[in-house]
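What follows is a single structure, written as structure tokens, with notes after it.
Chains as they are written, first to last, in our numbering: chain A, 121 to 245; chain B, 121 to 245.
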């Protein structure tokens with residue numbers, strides 16, 4: 121743990137070539153993994169300022185206030201960052217499904233030998 | 121949910137420009153988020169074949185059998201994939217710390233206004 125980015129107390133995200141870091145949202149109550157998205161500096165600043173998850177939409181190339189149109193806001197209960205500061209973990213209180221398909225979690229399929237199994241009973245553990 | 125990649129039962133990862141997808145490991149028992157890494161096709165195939173987490177090390181540009189040198193193997197209990205198949209969720213039974221820093225989880229710091237707080241009491245919920 122020699123690098124200050126790993127040991128320090130300064131928020132110093134390691135943005136990738138596109139100016140993004142990975143952002144993972146879990147349900148703060150159940151621990152369920154809800155979705156994986158990305159944040160740029162603006163999205164992170166907006167999330168910190170409002171307490172509601174903001175991401176960077178790579179498909180639309182725009183700041184994405186999660187739930188702004190659907191109502192499925194994610195209130196951030198806790199935010200963590202990993203050792204090399206290229207991934208954020210948001211524990212959120214979701215006001216509705218996380219997935220654009222209408223599923224509570226984007227991870228509604230299990231990977232088994234030979235293919236995927238639809239299994240919407242997603243649990244954190 | 122119109123795209124077959126989102127609705128189907130075929131494992132069809134959406135590899136990025138570098139041939140990678142995001143892989144997230146949580147503790148299958150506690151739900152704790154352990155680490156965020158990446159997999160290429162070889163890493164995914166090795167994980168499926170052995171039941172132990174294999175990643176692609178971007179820093180070393182090589183297949184990385186987690187725990188091969190440290191002993192901190194991650195036995196995969198369940199694997200899930202997200203709607204657009206660019207992120208995997210591995211629920212694992214870890215034989216030791218997930219983080220190269222020696223921490224159980226890479227997410228040992230909370231993000232607060234003004235900076236990071238060391239807080240190793242990482243819980244899934």
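Positions of the beta carbon are idealized from the N, C-alpha and C atoms, including for glycine. Given the structure is predicted, the values throughout are model-derived calculations rather than measurements.
From residue i to residue j, what distance separates their C-alpha atoms?
{"i": "residue 128(A)", "j": "residue 219(B)", "result": "16 Å"}
{"i": "residue 229(A)", "j": "residue 237(A)", "result": "5 Å"}
{"i": "residue 214(A)", "j": "residue 197(A)", "result": "10 Å"}
{"i": "residue 255(B)", "j": "residue 191(A)", "result": "Since the first residue shown for chain B is 121 and the last is 245, residue 255(B) is missing from the structure and cannot be characterised."}
{"i": "residue 225(B)", "j": "residue 240(B)", "result": "8 Å"}
{"i": "residue 189(A)", "j": "residue 137(B)", "result": "30 Å"}
{"i": "residue 147(B)", "j": "residue 154(B)", "result": "7 Å"}
{"i": "residue 180(B)", "j": "residue 204(A)", "result": "15 Å"}
{"i": "residue 206(B)", "j": "residue 176(B)", "result": "15 Å"}
{"i": "residue 223(A)", "j": "residue 174(A)", "result": "19 Å"}
{"i": "residue 135(B)", "j": "residue 156(A)", "result": "15 Å"}
Compare the Cα-Cα distances from residue i to each of the options and report the closest residue.
{"i": "residue 178(A)", "options": "167(A), 187(A), 163(A) and 169(A)", "result": "163(A)"}
{"i": "residue 187(A)", "options": "172(A), 144(A), 130(A) and 146(A)", "result": "172(A)"}
{"i": "residue 232(A)", "options": "199(B), 244(B) and 204(B)", "result": "199(B)"}
{"i": "residue 158(B)", "options": "149(B), 169(B) and 145(B)", "result": "145(B)"}
{"i": "residue 246(A)", "options": "221(A), 212(A), 227(A) and 140(A)", "result": "For residue 246(A) there is no data in the structure shown, the boundaries of chain A being 121 and 245."}
{"i": "residue 170(A)", "options": "151(A), 154(A) and 194(A)", "result": "194(A)"}
{"i": "residue 141(A)", "options": "123(A), 160(A), 203(A) and 132(A)", "result": "160(A)"}
{"i": "residue 139(B)", "options": "182(B), 155(B), 125(B) and 147(B)", "result": "182(B)"}
{"i": "residue 166(A)", "options": "185(A), 180(A), 123(A) and 151(A)", "result": "185(A)"}
{"i": "residue 123(B)", "options": "221(A), 227(A) and 156(A)", "result": "221(A)"}
List the whole-angstrom C-beta distance separating residue i from residue j, where the pair is believed to meet the contact cut-off of C-beta under 8 Å.
{"i": "residue 208(B)", "j": "residue 201(B)", "result": "5 Å"}
{"i": "residue 235(B)", "j": "residue 130(A)", "result": "6 Å"}
{"i": "residue 126(A)", "j": "residue 244(A)", "result": "Between residue 244(A) and residue 126(A) the Cβ distance is about 26 Å, and since that is not below 8 Å, they are no contact."}
Is it buried or exposed, residue i, if we count other Cβ atoms within 10 angstroms and call 16 or more buried?
{"i": "residue 121(B)", "result": "Note that residue 121(B) scores 47 on pLDDT, short of 50, meaning its location in the model is unreliable and no value can be drawn from it."}
{"i": "residue 133(A)", "result": "buried"}
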